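**Student:** Have a look at this one before I ask anything.
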């Protein structure tokens, strides 16, 4: 297992280097002089020159990249053009909020999506299956930001049960996390259904049934365990969707997370923060997919011996 | 291979493809959900084409006296903060959204398909480099990649299309490369190479038709509309006064407490359009390739 973990960890290195290159060229792709963009319209030529020197923009391109990598290795992402605070500080202050939202949303999505998919697969082409599959396609088609606004109208404006935005108590978490979960739950339910339908038609499921095992045991112990790999894959992939959705949900609910920080920074053309926040989201996505790969090896021992 | 033999083989191949297409079409027609999706899309296309007839006048012209009016006979879906008819803006918005969807998929296909074909067919160094670039792009969730590109390219209709289109390129490259890799090992491709057919002809005549079905299945116009509406909602997509559904929803958010209709109706327009594309997409996938059934 350890060998598998090391192999998998090493395989992320080229992707990490790729991400660093992408972010490095992001600033260089800007129209005009990046130092001028970072310094702002009102900056004096001396300020611009100073920023150019600080960023190493006056050196050859390969030296600039090495310099950039060195800074990344020290988690030095520069300073925000708006607040002048270190970018890492800006991100770390908001990351726990985004993580809280993401973890609650993915948990809710699994809690609703997996059982819905199982019920749908066990009773295919019945009314309950149609309800689940129709709800799933509705969920996938619904704009997450619109759903969030509609939940605010119902639960905050009309019923006045929950706060419309902000953070602080568990009541603030309910609407944004349900909004985020609604989108992901549909994908999980669809994948669970299709994976379970396939597994339930396999010979080993028929054997389990013919042994006289209870239906619950057949479904949970024999079928679900074998259907887990595609479900885990989809949960891992949906985490990326969730990070994208977090940008929109955090904006709807004025949730102080990294997603909202990205939008505010794009609007203010605060490039060091955009660069840093996108790097953090990219790293998170890679990390989650790494955990997913390790879970495969745990769920299916054949994988680690390949 | 002699010319007559080549022609006979080609005719047989065409006949087989034709009968397969007929079977798929029959299957698609029996799928009621897909039919409903198709009707929804047709309604949007007709609305987009007949927009000036359905709503004469300028949908972006402000009329402040009528601002934030609730739905009535005069304004079926009410008016927005500038007194503009919401139904008029939704009708014209269908033009913008459909244009974005088609534009995004065109960018994705025009860049992704040739790169995927070259990567899968030639393999070697080109394949290695392209796949590492694809890996890196896929390390970012699609919407985030589009956000990053918007941050660099700036806001507007053109950059929205380019940004979302590029964010979809790695998906197409992967898909087409996978198909090209398996098709290049087929006997008929080997035969074509043996008789000295040029690589370009092999790619266009033998490999490209084989990747069309997976491309059709993967083509997600609904996702393109959702991404564009998301960017518009955040204020970094299509800019006002262009009537784009996401932008309309974003500006209506401010009036949510006393005029919720301003944000509600553009959201329904996005939802129904995406639903239509998703239902039809699911139906196409089931009809063209049952292996992809979810």
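Residue numbers (the numbering used here), protein chains in the order written: chain F, 194 to 499; chain A, 8 to 301.
Idealized CB from N, CA, C, for every residue including glycine.
Since we're looking at a predicted model, the values are computed, not measured.
1. Quick one: Cα of residue 299 (chain A) to Cα of residue 424 (chain F), how far?
2. Residues bridged to residue 92 (chain A) by DSSP?
3. Anything in chain A within Cβ reach of residue 478 (chain F), meaning under 8 Å, just list it in chain order.
4. Determine, using beta-carbon pairs with one atom in the stretch 363-374 of chain F and one in the stretch 284-299 of chain F, whether at least three such pairs fall under 8 Å.
5. Give, in chain order, every residue of the stretch 225-255 of chain A whose Cβ lies closer than 8 Å to some Cβ of chain F.
6. Kindly list, in the order they appear in chain F, the residues whose Cβ is closer than 9 Å to that of residue 157 (chain A).
7. For residue 389 (chain F), which residues in chain A fall below 9 Å Cβ to Cβ?
8. Identify, in the order they occur along the chain, each residue of the same chain with its Cβ nearer than 8 Å to the Cβ of residue 535 (chain F), setting aside the five sequence neighbours on each side.
9. Report back the beta-carbon spacing between residue 350 (chain F) and residue 368 (chain F) to the nearest angstrom; my notes put them in contact at under 8 Å.
10. Return the residue from the list F:384, F:227 and F:265 that minimises the CA-CA distance to residue 426 (chain F).
11. Decide if the stretch 104-120 of chain A is in contact with the stretch 213-226 of chain A; the criterion is three or more beta carbon pairs, one per stretch, under 8 Å apart.
12. Specify, as a first and last residue, the run of the alpha helix (DSSP H) that residue 252 (chain F) falls within.
13. The alpha helix (DSSP H) that contains residue 418 (chain F), what's its start and end?
14. Cα separation between residue 284 (chain A) and residue 466 (chain F)?
15. May I ask you to list, following chain order, the residues of the stretch 206-237 of chain F that have a beta carbon less than 7 Å from some beta carbon of chain A?
16. Report the three-state DSSP secondary structure of residue 300 (chain A) (helix, strand or coil).
17. When you compare only the Cα positions, how much space is there between residue 228 (chain F) and residue 254 (chain F)?
18. When the Cα atoms are used, what is the spatial distance from residue 197 (chain F) to residue 266 (chain A)?
19. Let me check understanding here. Comparing Cα to Cα, which of F:206, F:447 and F:268 lies closest to residue 294 (chain F)?
20. Tell me the rounded alpha-carbon separation between residue 267 (chain F) and residue 379 (chain F).
21. What are the boundary residues of the alpha helix (DSSP H) that includes residue 306 (chain F)?
22. What residue range is occupied by the uninterrupted alpha helix (DSSP H) comprising residue 168 (chain A)?
23. Where does residue 267 (chain F) sit, in a helix, a strand or coil, going by DSSP?
24. Checking 7 Å against the spacing of the C-beta atoms, do residue 437 (chain F) and residue 282 (chain A) come in under that value?
25. In three-state DSSP terms, what is residue 205 (chain A)?
26. Just verifying my parser: in three-state terms, what is the DSSP assignment at residue 275 (chain F)?
27. Which parts of the stretch 37-64 of chain A are runs of the alpha helix (DSSP H), unbroken and 4 residues or longer, counting only runs that do not cross its ends?
28. Check the Cβ of residue 86 (chain A) against every Cβ in chain F and list those closer than 9 Å, keeping chain order.
29. Please tell me whether residue 35 (chain A) has its Cβ less than 7 Å away from any Cβ of chain F.
30. Have a look at F:487, F:493, F:495 and F:420 and flag the residue whose alpha-carbon is nearest the alpha-carbon of residue 201 (chain F).
31. Could you say which of A:104, A:98, A:31 and A:229 lies nearest to residue 57 (chain A) if we only look at CA atoms?
32. Which parts of the stretch 219-286 of chain A are runs of the beta strand (DSSP E), unbroken and 3 residues or longer, counting only runs that do not cross its ends?
33. Select from A:161, A:190, A:222 and A:158 the residue whose C-alpha is nearest the C-alpha of residue 178 (chain A).
34. Can you tell which of A:80, A:111, A:61 and A:46 has the C-alpha that lies nearest to the C-alpha of residue 236 (chain A)?
35. Expressed to the nearest angstrom, what Euclidean distance is found between the alpha-carbon atoms of residue 214 (chain F) and residue 462 (chain F)?
36. Looking at chain A, which residues of the stretch 428-451 of chain F have a Cβ within less than 7 Å of any of its Cβ atoms?
**Tutor:** Inspection of the coordinates gives the following:
1. Residue placement at residue 299 (chain A) is poorly supported in this model, since its pLDDT is 45, which falls under 50; the coordinates still yield a value, given next. Computed Cα separation, rounded: 15 Å.
2. Residue 92 (chain A) is bridged to A:86.
3. Below the 8 Å Cβ cutoff, chain A contributes 146, 147 and 148 as neighbours of residue 478 (chain F), in chain order.
4. The stretch 363-374 of chain F and the stretch 284-299 of chain F touch, with no fewer than 3 CB-CB distances between them shorter than 8 Å.
5. When CB distances to chain F are screened at a threshold of 8 Å, the residues of the stretch 225-255 of chain A falling below it are 229, 233, 236, 237, 240, 241, 242, 243 and 253, in chain order.
6. The contacting residues are 459.
7. Around residue 389 (chain F), no beta-carbon contact reaches into chain A at under 9 Å, the shortest distance being about 12 Å.
8. There is simply no residue 535 (chain F) to check, as chain F begins at 194 and stops at 499 in what is shown.
9. Rounded to the nearest angstrom, the Cβ distance from residue 350 (chain F) to residue 368 (chain F) is 12 Å, too far for a contact under 8 Å.
10. Residue F:384 is the option with its Cα nearest to residue 426 (chain F).
11. With a cut-off of 8 Å, the stretch 213-226 of chain A and the stretch 104-120 of chain A count as touching, because enough Cβ pairs lie within range.
12. Premise fails: residue 252 (chain F) is in no alpha helix (DSSP H) and is neither H nor E.
13. For residue 418 (chain F), the uninterrupted alpha helix (DSSP H) run begins and ends at 418-445, by DSSP.
14. The alpha-carbon atoms of residue 284 (chain A) and residue 466 (chain F) are separated by roughly 36 Å.
15. Those residues of the stretch 206-237 of chain F that come within reach of chain A (Cβ to Cβ, closer than 7 Å) are 207, 208, 211, 212, 215, 219, 222 and 223.
16. With a pLDDT of 42 at residue 300 (chain A), under the threshold of 50, the predicted position of this residue should be treated as unreliable, and no value is reported.
17. Residue 228 (chain F) and residue 254 (chain F): Cα-Cα distance of roughly 15 Å.
18. Each residue's alpha carbon lies about 57 Å from the other.
19. Nearest Cα to residue 294 (chain F) within the set F:206, F:447 and F:268: F:447.
20. One C-alpha to the other measures close to 40 Å.
21. Residues 280-315.
22. Residue 168 (chain A) -> alpha helix (DSSP H) spans 164-190.
23. Assignment of residue 267 (chain F) by DSSP, reduced to helix, strand and coil, places it in the coil class.
24. No; because the gap between Cβ atoms is not below 7 Å, this pair is not in contact.
25. Residue 205 (chain A) falls in the coil class under three-state DSSP.
26. Residue 275 (chain F): coil per DSSP, three-state reduction.
27. Within the stretch 37-64 of chain A, the complete alpha helix (DSSP H) runs of at least 4 residues fall at 39-56 and 58-61.
28. Within chain F, no C-beta atom comes nearer than 9 Å to that of residue 86 (chain A); the closest sits roughly 18 Å away.
29. Closer than 7 Å: no.
30. The shortest Cα separation from residue 201 (chain F) among F:487, F:493, F:495 and F:420 belongs to F:487.
31. In terms of Cα proximity to residue 57 (chain A), the closest of A:104, A:98, A:31 and A:229 is A:98.
32. For the stretch 219-286 of chain A, not a single whole beta strand (DSSP E) run of length 3 or above is found.
33. Distances from the CA of residue 178 (chain A) to each of A:161, A:190, A:222 and A:158 were compared; the closest alpha carbon is that of A:222.
34. Per the Cα distances, A:111.
35. Computed Cα separation, rounded: 20 Å.
36. Within the stretch 428-451 of chain F, the residues whose Cβ lies closer than 7 Å to some Cβ of chain A are 433, 434, 436, 437, 440, 441 and 444, listed in chain order.
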